[in-house]
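These protein sequences, in sequence, are chains D and B.
Residue numbers for the first sequence follow the numbering used here, so the first one is 2 and each next one is one higher.
Residue numbers for the second sequence follow the numbering used here, so the first one is 875 and each next one is one higher.
Written below as structure tokens is the structure these notes are about.
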Amino acid sequence: MSTTVSSSRSGNPQPESAGKDASAATVSAKPVSWKTPVLLTAFGLIALVFFGLLAPSQTASFGISTGSDFFQLPALEVNAFAGGLVLSILMLGLAAYAVYLKTRDKAAPGWLTVAFIVLFVAAFLIWVVGGARTPSISLAGLIAGSVTLAVPLVFGSLSGVLCERVGVVNIAIEGQLLGGAFTAAIVASITQNPFIGLLAAAVAGAAVSMVLALFSIKYLVNQIIVGVVLNVLVSGVTGFLFSTVMQANKAQFNSPPGLDIIEIPVLSGIPVIGPILFRQSLVGYLMYIAVLVVWVGLFKTRWGLRVRAVGEHPQAADTLGINVNATRFWNVTLGGAVAGIGGSFFTLVAIDSFTKEISGGRGFIALAALIFGRWNPIGAFFAALLFGFADNLQSIVTIIGTPVPSQFMAMLPYLVTVLAVAGLVGKSRGPAASGIPYVKG
Amino acid sequence: MVRVLKLELRGITKRFGTLLANDHIDVVVEPGQIHCLLGENGAGKSTLMNVLYGLYEPSEGEILIDGTPVSFRGPGDAMEAGIGMVHQHFMLVPVFTVAENVALGAEPTKAAGFLNLDETRRRIKEISDQYGFDVDPDALVEDLPVGVQQRVEIIKALVRNAKVLILDEPTAVLTPQETDELLDIMRQLKSGGTSIVFISHKLREVKAVSDTITVIRRGKVVGTADPAASTTELASMMVGRAVSLTLDKAPAQPKEKTFEVRDLTVIAPNGQHVVDGLSFDISRGEILAVAGVQGNGQTELTEAILGLQDRVHGSILLDGKELLGRSVKEVLNAGVGFVPEDRSVDGLIGTFSIAENLILDRYDQAPFAKGIGMSPAKVLENAKSRIEEFDVRTPSGALAAGTLSGGNQQKVVMARELSRPLRLFIASQPTRGVDVGSIEFLHKRIVAERDQGTPVMIISTELDEVMELADRIAVLYKGKLVGIVPAGTGRDVLGLMMAGIAPEEHTHPAPAGTATAATSDAEGGDHV
Chain D
2 MSTTVSSSRS GNPQPESAGK DASAATVSAK PVSWKTPVLL TAFGLIALVF FGLLAPSQTA
62 SFGISTGSDF FQLPALEVNA FAGGLVLSIL MLGLAAYAVY LKTRDKAAPG WLTVAFIVLF
122 VAAFLIWVVG GARTPSISLA GLIAGSVTLA VPLVFGSLSG VLCERVGVVN IAIEGQLLGG
182 AFTAAIVASI TQNPFIGLLA AAVAGAAVSM VLALFSIKYL VNQIIVGVVL NVLVSGVTGF
242 LFSTVMQANK AQFNSPPGLD IIEIPVLSGI PVIGPILFRQ SLVGYLMYIA VLVVWVGLFK
302 TRWGLRVRAV GEHPQAADTL GINVNATRFW NVTLGGAVAG IGGSFFTLVA IDSFTKEISG
362 GRGFIALAAL IFGRWNPIGA FFAALLFGFA DNLQSIVTII GTPVPSQFMA MLPYLVTVLA
422 VAGLVGKSRG PAASGIPYVK G
Chain B
875 MVRVLKLELR GITKRFGTLL ANDHIDVVVE PGQIHCLLGE NGAGKSTLMN VLYGLYEPSE
935 GEILIDGTPV SFRGPGDAME AGIGMVHQHF MLVPVFTVAE NVALGAEPTK AAGFLNLDET
995 RRRIKEISDQ YGFDVDPDAL VEDLPVGVQQ RVEIIKALVR NAKVLILDEP TAVLTPQETD
1055 ELLDIMRQLK SGGTSIVFIS HKLREVKAVS DTITVIRRGK VVGTADPAAS TTELASMMVG
1115 RAVSLTLDKA PAQPKEKTFE VRDLTVIAPN GQHVVDGLSF DISRGEILAV AGVQGNGQTE
1175 LTEAILGLQD RVHGSILLDG KELLGRSVKE VLNAGVGFVP EDRSVDGLIG TFSIAENLIL
1235 DRYDQAPFAK GIGMSPAKVL ENAKSRIEEF DVRTPSGALA AGTLSGGNQQ KVVMARELSR
1295 PLRLFIASQP TRGVDVGSIE FLHKRIVAER DQGTPVMIIS TELDEVMELA DRIAVLYKGK
1355 LVGIVPAGTG RDVLGLMMAG IAPEEHTHPA PAGTATAATS DAEGGDHV
């Protein structure tokens, strides 16, 4: 008797697989939301009107090669009106497909949304550049610049991934970036060695993180509050030391030697890809390595399995002999070190000295990238890249002069952040125990 | 070559502050035995097992394995020593696959700490085949039915070569059929040489499977019992006094139908229809018991009636008036009494006094309200008479309700809800986590309310309770009504209904194997 029942139960165990069973489907199948099709259609129409119909019929030109490439590709030239029209019609096509899927009670697949975003961004680019006084930008420069601007964001969001995956919300990324930037500047200035500066930045980030870990794990203080307080604290301390120590003796304390760009021979000459992958500073190369290492570590190793278990169901981990709070403590510390390295980018690569609030809120954007990237290192990397892109586009577009007010363009990175976090790409689900302190018993 | 293991607990004492959870407990688990720890909720069984599993450190006493004292600093040590535990609330990571869950903590790895899940998959297949578990190593745990999740927990212990397996209230979340399967698995494990410590307060299961029974009451071992002992004997050992396990209940005398639910659908925030097209009615002087495995829409059904759910379609008529769309207050004023399923979260305010808790629904009405003020004397007076009437064991009504035991808290909730004239009484899990003595009392009160001519709706996941109280039984599965059957319907039929199989389906010639489904009904009288 019993086996028969069990097989009839396992026949329709879950809503997702209940589709075959007509009666079960109506009970528990999750209805597909209209949100995605409607949003896509709306944005498709906006694109059609603004980027297509109202576009100037100027030709927008996108440079693909940079001067140092070993062969040159011709610039890509697109008529703004025609390009916008074609792209927006493609977008509406995707939207129509999403609507069709909805009428068949199917959700739009992830690639569809991603393809839509790519088309939308392309149409937006063509429209902005096509309407500019000098309708020409270097696409290669735009992308390479995006990567550069994304470096601290990527490190910040990796820090967030390491902390949240183990169950601690890291609002203090901003403070870790800032602490790393300050320490890198002052240590590299004193030692006249950027590598020691880089190391010191990691230590500083880890130190900030240890405070977060100590208070949230051992003393069970609300993680958000500790994080926010840490941000304010680091900002205050670095600001104070900047005005009292650094500014008093700039030569000794605030002129760090920079980390040079290391060009990898031959490879760096490949158009578009070369500048992105093979024409980076040490911190830039470390970024790529860190993303891969964290991803492989989290999903392929014993360490990662334990980390994720602690972040999802700490009690289960505990009953299997895993020390939950120690795992959390060291992971949060590691996360801080990663963010600290990201902070060193400001003072050792991007700018050659420290100024107050040099991180400028990028820690919070990194937090958004982490959520947009669905707590996945690679997802977070691309999300950070998108924010870097918006940031870079904003400055380039302001330079070439567009009809769009520069204030609006300055809002772009944040607008993208809000849209992204509001769940444009589906609902994201974080680690279940994130933000919840673990108390035994 | 099977390693067997004799486990001995000697004088185990565990204190939490001033609370004595375990008081010098001695238990010997012989190799290859199913040893039952029988006791009521809160008797200290789970604490004892957490001590054994290394989750708590004992305040006094020692654990011996094959005669050698051992000390566990954590569950890791206990597992090392051959002890495995299946917790009442599963310790599985929902977003992990079966293999990942099984591997966790004892991961087979290749070089440099890389996971080797193939090894784990192979072990799962092996164990799965040996015991007929039918578990897919690559399924996500959150997609699995509860019964299968429990098997994953057992596999987890077996992969770690557990020689003693602790099962903490393993049947609480199972349908009757799943329970029978589990009991079979336990017998199989035993014949394979694994000893089992089976923690339960359900006499029927204990009697069916145990070799030895140790009864625990208020943190102490009160004796051992033979599985052949009668349920009444076991129950009185467990409770400490003679208890009547059968309820004297006159047959219902239903009058006119005053409560009607039509096509009720409740939509959850995720769009799922958690209650789906329910229609039923209850007459005055009748108890309708709603049975079903937890999480099949019972909570949402009661909340919809109370006005606590937002997206509700259909119609709920009480005395011909529509309740749907009205505020909770209006529903209460229409004469609906409601005992929520979780008294500590929804039924009481733990930090408020018992007296205040007794008037939570009438604090703004005479005689308790006086203009914008309140009359504390009247509140205390009311408390005094309620405490007496419902036999709430407390020195004073001014004490915080949170200090009471589970049974007494439940009496307070019940006293509040039954102390005004009702047109409908709903009680959700009326005796969950309540001692046997109080269960008896609460059940009598519910029947008394019925006999006064109130339509009564009971929601319970305990089949014994349903069978005990019901005049008619409605079974919910995945938000739908599987059917309404008369009281006295067999346990096996109800069990199948709880798995979603409507009664007319399984009265047809059943597929091979189902025909033997008629057993174990004779003992339907015990409700513990």
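Even glycine gets a Cβ: it sits at the ideal position worked out from N, Cα and C.
None of the values given here were measured: they were computed from a predicted structure.
The C-beta separation of B/Leu1296 from B/Thr1328 comes to about 5 angstroms, placing the pair in contact by the 8 angstroms criterion. Within the stretch 332-362 of chain D, no complete beta strand (DSSP E) segment of 3 residues or longer occurs. The DSSP assignment places 908-912, 934-939 and 942-944 as complete runs of the beta strand (DSSP E) inside the stretch 900-953 of chain B, in order along the chain (cut-off: 3 residues).
Among the CB atoms of chain B, none fall inside 8 angstroms of the CB of D/Glu165. Using a Cβ distance threshold of 8 angstroms, D/Ala318 and D/Ala310 count as a contacting pair. Counting only runs of at least 4 residues, the stretch 108-196 of chain D fully encloses the following alpha helix (DSSP H) elements, listed from N- to C-terminal order: 111-131, 140-165 and 174-192.
None of the residues of the stretch 1314-1326 of chain B has a beta carbon lying less than 9 angstroms from any beta carbon of chain D. Listed by position along chain D, the residues whose Cβ is nearer than 9 angstroms to that of B/Phe988 are Val297, Lys301, Thr302 and Arg303.
Here DSSP, grouped into helix, strand and coil, assigns B/Asp1150 to strand. Shown here, D/Asn324 sits in coil according to DSSP, grouped into three states, outside any helix or strand. When the five nearest sequence neighbours on each side are left out, the beta carbons in the same chain lying within less than 7 angstroms of the beta carbon of B/Ala1082 are those of Leu1057, in order along the chain. Contact with chain B is absent for D/Asp106, since none of that chain's Cβ atoms lies less than 8 angstroms from the residue's Cβ.
The residue from D/Leu154, D/Leu387 and D/Val350 with its alpha-carbon nearest to that of D/Leu178 is D/Leu154.
Between D/Ile379 and chain B, the shortest Cβ-Cβ separation is not below 8 angstroms.
Within the same chain, Cβ atoms closer than 6 angstroms to the Cβ of B/Ala917 are found at Ile1090 and Arg1091, the five residues on either side in sequence being excluded.
Taking 8 angstroms as the cut-off, the Cβ atoms of B/Val1015 and B/Leu966 count as close.
Under the DSSP assignment, D/Gln281 falls in the beta strand (DSSP E) whose first and last residues are Arg280 to Ser282. The alpha carbon of B/Gly1151 has as its nearest neighbour, out of B/Glu1174, B/Ile1246, B/Leu1018 and B/Asn1231, the alpha carbon of B/Glu1174.
For D/Gly436, no CB of chain B lies under 8 angstroms from its own CB, so it is not counted at the interface with that chain. Beta-bridge analysis with DSSP links B/Leu894 to B/Arg889. Selection B/Phe1264, B/Arg1025 and B/Val1321 evaluated against B/Phe1299 yields B/Val1321 as nearest (Cα-Cα). Legend: CB atoms of the stretch 1120-1148 of chain B lying less than 8 angstroms from CB atoms of chain D belong to residues Asn1144, Gly1145, Gln1146 and His1147. For D/Phe63, the enclosing beta strand (DSSP E) begins and ends at Thr60 to Gly64.
Judged by beta-carbon spacing, B/Thr887 lies beyond the 8 angstroms limit of B/Gly941, meaning their Cβ atoms are not closer than that value. By the Cβ criterion, the stretch 905-924 of chain B is not in contact with the stretch 246-264 of chain D, since fewer than three pairs of Cβ atoms, one from each stretch, lie closer than 8 angstroms.
B/Arg1136 and B/Lys1203 have their C-alpha atoms spaced approximately 22 angstroms apart. If you check the CB distance, B/Val1038 and B/Leu879 come in under 8 angstroms.
Distance from the Cα of B/Glu1336 is smallest, within the candidate group B/Arg947, B/Pro968 and B/His1075, for B/His1075.
Residues of chain D whose Cβ lies closer than 7 angstroms to the Cβ of B/Gly916 do not exist; the shortest such Cβ separation is about 15 angstroms. About 13 angstroms separates the Cβ atoms of B/Gln1283 and B/Leu1234, ruling out a contact at the 8 angstroms cut-off. None of the residues of the stretch 1169-1185 of chain B has a beta carbon lying less than 9 angstroms from any beta carbon of chain D. Not flagged as an interface residue toward chain B: D/Arg329, since no C-beta distance is shorter than 8 angstroms. Scanning chain B for C-beta atoms nearer than 8 angstroms to the C-beta of D/Ala249 yields nothing, as the closest lies near 49 angstroms away. In this chain, D/Glu264 is not harboured by any alpha helix (DSSP H); it is covered by the beta strand (DSSP E) spanning Ile262 to Glu264. The C-alpha of B/Asp1345 lies about 14 angstroms from the C-alpha of B/Leu1368. For B/Leu894, the nearest beta carbon of chain D is not closer than 8 angstroms to its own beta carbon.
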